[in-house]
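Data block below; observations after.
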Amino acid sequence: MLALVTFVGFTALVAAIAYWKTKDDKMNTSDAYFLGGRSLTAWVIAGSLMLTNLSTEHLVGLNADAFNHTIAVMAWETTAALAMVVTALYFLPRYLKSGLTTIPEYLANRFDEQTRIIASLLFLFSYVIAILPVVLLFGAAGLESLFDVSATFGISKNAATWMMVWGVGTLGSLYAIFGGLKAVAISDTVNGVGFLIAGLLVPILALIMVGDGDMFAGLNKVYTAEHPKFDITGDEPGSFLPFGVLFTGMIVNQIFFWCTNQSIVQRALGAKNLAEGQKGVLIAACFKLIGPFIIVLPGVIAFHMFKGEIGREDYLMAYPMLVKTVLPDALVGFFAAVMVGAVLSTFNSVLNSSATLFSQGIYRGFINPDADGQALVRSGRYCSIALALAAMAFAPLIDTSGSLFNYLQKINATFFGPMLAVILLGMTTRYVSAYAAKVGMVLGPVIFYLLVFAFGDSVQAFAQNLLGTTDEIHFLHFLALVFILTSILMVVISKLRPVQEPYQEVYTKAVDITPWPHAKKAGATISIVTILFYVLLAQ
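What follows is the structure, given as structure tokens:
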């Protein structure tokens, strides 16, 4: 009962703060609804960036992968910090200078309106088949493990999953549909504080338990007993995340996700000025460096504590079981509220970004070019409702027999490489044509799908023979290959069908773009700390 009280209390607190901060805001313009009126400050941006990205697919999924494999999976977090430095120093100044609302809007400016529509559709498609349903499914799995919902209500686990997916999805939709970006960002920030507190409490209390009251003794015991688990390079045969991918597809993945992905970048696009945006992104990068202690280390501790009780096939149970073991009842409720908050934050953030993409890129660009602010907001709300319903219907049908986090990354990679190639070539050259961009965005995902999904086994066998290895070629290597092929294809097509008029960037003066004076120093410090992770933990 105490757990339920703390769960309801913290969830209600987040909703109350979000309502109080936004109750006087008018949502009748697109800037107000989609960008929070371009008024977001550094800490709100940082909190929203962190919670938009971190959710139960990280808490449950990455800890489960660490339980089954090694801490090498922390590369998804640590290398993100480097990409965020690139966002702050290179991409964000250009985005704010152009006064963008969406990334596809940049493609419309750089190429043409058709390119924007294709990009918007690709973003929306990836959100509805990957991010939204997987986030809901992980949230349901975490709540079932913590509260045994099926037993409490006397229903099957499948029925409990449907109930939790629709309950959490409906609640998350309300923030995005009625509150806009500002409500989403504020709720993210409050949930972010809870996420950090609860997330760090789990490994600290677990290590204290293992060390008989001494946290550092517990860490030493786990490190000594499970030493192979602490190899950050992932260089063991058949590695789940081999070290080599950090120099191929991981670079492409992280630069796309943190520098050009609408659901992430939109938080920074709502900054009141460039300095606040840069500070917010770099603060979030610092949080990323804390991330491995929350979303990887507990998986290794769980392996040490429960390796005789949890089989590899039940890997998703590892983190929830650790939580229930080390947290007192009152904190279990608080932790469940934080977990639901993380699901809500990611879900409502992606919904808000989806609404922005649809209204700005498809509704105004294709359906109603003369739409005013109210019409754009209304179309965005309708889009959010449709995508939320689709995600809630699809989530319980996803196969959970393999790594869900890996599934999420593999589906996203289908679109990441080609899209990044289009954006980067558009940003770094003036002569890549709109026709080349459209071909790249359409053919690139098709090539990745053929290589990894349709003919994956045959391609694997050919690549292994070519390279003289029996190890599986990681899909991130194929992501890098598709990025390179798409880039080459665009350059060749641009030679054959050149651009008619070279692109000229325009400063819209939507916000002040004076940079934060300490941005470069902060970025260099974050980069050095990230590299030190690998130097100190390489075995």
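Mind the numbering: the sequence shown is residues 94 to 632 in the working numbering, read in order.
Virtual Cβ for every residue (Gly too), placed ideally from N, Cα, C.
- Query: Contact check, Leu236 vs Met257 under 8 Å by CB: the rounded distance?
  - Reply: Mapped onto the sequence shown, residue 236 falls at position 143. Mapped onto the sequence shown, residue 257 falls at position 164. Indeed, because the Cβ distance is near 5 Å, the residues count as touching under 8 Å.
- prompt: Using CA coordinates, which residue listed in Ala176, Leu517, Gly342, Thr263 is at the minimum distance from Val575?
  reply: Against the sequence shown, residue 575 aligns to sequence position 482. Val575 has its Cα closest to that of Gly342, out of Ala176, Leu517, Gly342, Thr263.
Can you tell which of Trp255, Trp136, Tyr188, Val242 has the C-alpha that lies nearest to the C-alpha of Ala486? As a first step, residue 486 is located in the sequence shown; it is residue number 393 there, counting from the start. That would be Trp255, whose Cα lies nearest to the Cα of Ala486.
What residues are listed by DSSP as bridge partners for Asn366? By 1-based counting over the sequence shown, the position of residue 366 is 273. Its beta-bridge partners are Asp605.
Query raised in the report: So, using beta-carbon positions, are Leu144 and Thr439 closer together than 8 Å?
Result: For the purposes of this step, residue 144 is taken as the residue at position 51 of the sequence shown. For the purposes of this step, residue 439 is taken as the residue at position 346 of the sequence shown. In contact: Leu144 and Thr439 (Cβ atoms closer than 8 Å).
Nearest neighbour of Ile279, chosen from Thr99, Gly140, Val166 [CA to CA] = Here residue 279 is taken as the residue at index 186 of the sequence shown, counted from 1. Comparing Cα positions, the closest option is Gly140.
So for Leu390, helix, strand or coil by DSSP?
Within the sequence shown, numbered from 1, the residue matching residue 390 stands at position 297. Leu390 falls in the helix class under three-state DSSP.
For my contact list, Leu469 and Tyr456 are in at a C-beta cut-off of 8 Å; report their separation, rounded to the angstrom. For the purposes of this step, residue 469 is taken as residue 376 along the sequence shown, with counting starting at 1. For the purposes of this step, residue 456 is taken as residue 363 along the sequence shown, with counting starting at 1. In this structure Leu469 is in contact with Tyr456, their Cβ atoms being roughly 7 Å apart against a cut-off of 8 Å.
In whole angstroms, what is the alpha-carbon distance linking Leu636 and Ile394? Residue 636 lies beyond the range of the chain shown here (94 to 632); nothing can be said about it.
- Task: Quick one: which unbroken alpha helix (DSSP H) runs of 4-plus residues sit fully inside the region 293-318? Chain order, please.
- Result: Taking only runs of at least 4 residues, the alpha helix (DSSP H) segments lying wholly in the region 293-318 are 308-318.
Find the nearest neighbour of Leu229 within the set Leu339, Glu206, Ala435, judged by alpha-carbon distance. Walking along the sequence shown from the start, residue 229 turns up at place 136. Ranking the options by Cα distance to Leu229, first place goes to Ala435.
Quick one: give me the first and last residue of the alpha helix (DSSP H) that Glu150 is part of.
-> In the sequence shown, counting from the first residue as 1, residue 150 sits at position 57. Per DSSP, Glu150 lies in no alpha helix (DSSP H) segment and is marked neither H nor E.
Can you name the start and end residues of the alpha helix (DSSP H) that Asn161 belongs to?
Numbered from its first residue, the sequence shown carries residue 161 at position 68. Note, Asn161: alpha helix (DSSP H), 156-161.
Q: Taking only the alpha-carbon atoms, compute the straight-line gap between Val389 and Glu319 and give it to the nearest angstrom.
A: The sequence position of residue 389 within the sequence shown is 296, counting from 1. The sequence position of residue 319 within the sequence shown is 226, counting from 1. One alpha carbon belongs to Val389, the other to Glu319, and they sit about 14 Å apart.
Which value, in whole angstroms, describes the spacing of the CA atoms of Ala168 and Thr245?
-> Your numbering for residue 168 matches position 75 in the sequence shown. Your numbering for residue 245 matches position 152 in the sequence shown. Straight-line spacing of the CA atoms in Ala168 and Thr245 works out to 38 Å.
Anyone know if the C-beta pair for Phe386 and Ala291 falls short of 8 Å?
-> The residue you call residue 386 lines up with position 293 of the sequence shown. The residue you call residue 291 lines up with position 198 of the sequence shown. No. Outside cutoff.
Self-check item: Same chain, Cβ closer than 8 Å to Thr149, five either side skipped, listed in chain order
Solution: Taking the sequence shown and counting its residues from 1, one reaches residue 149 at position 56. Around Thr149, the same chain offers Val228, Phe231, Gly232, Ala234, Gly235, Met432, Ala435, Val436 as residues with beta carbons nearer than 8 Å, after the five sequence neighbours per side are excluded.
query = Can the beta-carbon of Ala212 be found less than 8 Å from the beta-carbon of Trp351?
reply = As a position in the sequence shown, residue 212 is number 119, starting the count at 1. As a position in the sequence shown, residue 351 is number 258, starting the count at 1. Not in contact: Ala212 and Trp351 (Cβ atoms no closer than 8 Å).
(Q) Out of Ala529, Ser526, Val283, which one is the CA nearest neighbour of Ala109? (A) Taking the sequence shown and counting its residues from 1, the one referred to as residue 109 is at position 16. Considering only alpha carbons, the answer is Val283.
Q.
Under 8 Å: do the region 590-602 and the region 365-381 share three or more Cβ pairs, one atom per stretch?
A. Contact between the region 590-602 and the region 365-381 is absent, because fewer than three Cβ pairs lie under 8 Å.
Return the chain-ordered ranges of every alpha helix (DSSP H) run that is complete within the region 508-560 and spans a minimum of 4 residues.
The qualifying runs are 527-542, 549-560.
Checklist entry - Which residues in the same chain have their Cβ closer than 8 Å to the Cβ of Gly304, if we skip the five residues on either side of it in sequence? => result One-based indexing of the sequence shown puts residue 304 at position 211. Within the same chain, Cβ atoms closer than 8 Å to the Cβ of Gly304 are found at Ala310, Gly311, Leu312, Asn313, Lys314, the five residues on either side in sequence being excluded.
Check: So, do the region 353-363 and the region 442-461 have three or more beta carbon pairs nearer to each other than 8 Å?
Finding: Taking a contact to require three or more Cβ pairs closer than 8 Å, the region 353-363 and the region 442-461 qualify as touching.
When you compare only the Cα positions, how much space is there between Glu565 and Gly466? In the sequence shown, counting from the first residue as 1, residue 565 sits at position 472. In the sequence shown, counting from the first residue as 1, residue 466 sits at position 373. Cα to Cα, Glu565 sits roughly 51 Å from Gly466.
Quiz item: Can you tell me where the alpha helix (DSSP H) with Tyr412 in it begins and where it stops?
Solution: Here residue 412 corresponds to residue number 319 of the sequence shown, with the count starting at 1. Residues 411-419.
Under the rule that 16 or more other beta-carbon atoms within 10 Å means buried, what is Asp307, buried or exposed? Against the sequence shown, residue 307 aligns to sequence position 214. With fewer than 16 neighbouring CB atoms inside 10 Å of its own CB, Asp307 falls in the exposed class.
Considering only residues of the same chain and omitting the five flanking positions on each side of Tyr524, which have a CB-CB separation below 8 Å? Residue 524 sits at position 431 when you count from the first residue of the sequence shown. So the list reads Ser587, Pro591, Val592, Pro595, once near-sequence residues are dropped.
Which of the three DSSP states is assigned to Leu589 in this structure? By 1-based counting over the sequence shown, the position of residue 589 is 496. Helix, per DSSP.
- Message: Can you check whether the C-beta of Val532 is within less than 8 Å of a C-beta belonging to chain D?
- Response: No chain D is present in this structure, which holds just one protein chain.
What whole-angstrom Cβ distance do Ala135 and Ala612 have, given they're in contact under 8 Å?
As a position in the sequence shown, residue 135 is number 42, starting the count at 1. As a position in the sequence shown, residue 612 is number 519, starting the count at 1. That belief does not hold up - the Cβ atoms of Ala135 and Ala612 are roughly 11 Å apart, past 8 Å.
**Prompt:** In this structure, does DSSP put Leu133 in helix, strand or coil?
**Reply:** Start at 1 with the first residue of the sequence shown, and residue 133 comes out as number 40. Strand, per DSSP.
Requested in this report: Indicate whether Thr623 and Leu175 have their beta-carbon atoms separated by less than 8 Å.
Outcome: By one-based count along the sequence shown, residue 623 stands at place 530. By one-based count along the sequence shown, residue 175 stands at place 82. Cβ distance < 8 Å, so Thr623 and Leu175 count as in contact.
**Request:** Taking only the alpha-carbon atoms, compute the straight-line gap between Tyr542 and Phe571 and give it to the nearest angstrom.
**Result:** By one-based count along the sequence shown, residue 542 stands at place 449. By one-based count along the sequence shown, residue 571 stands at place 478. Their backbone Cα atoms lie some 10 Å apart in a straight line.
**Prompt:** Measuring CB to CB, does Leu133 end up less than 8 Å from Gly363?
**Reply:** As a working mapping, residue 133 is identified with position 40 in the sequence shown. As a working mapping, residue 363 is identified with position 270 in the sequence shown. Between Leu133 and Gly363, the C-beta spacing is below 8 Å.
Taking the alpha carbon of Val179 as the reference point, which residue from Val425, Val345, Val532 has its own alpha carbon closest?
For the purposes of this step, residue 179 is identified with residue 86 of the sequence shown, where counting begins at 1. Cα-wise, what sits closest to Val179 is Val345.
TODO: Would you kindly work out how many angstroms separate the C-alpha atoms of Leu214 and Ile491, rounded to a whole number?
DONE: As a position in the sequence shown, residue 214 is number 121, starting the count at 1. As a position in the sequence shown, residue 491 is number 398, starting the count at 1. Spanning the two alpha carbons is a distance of roughly 22 Å.
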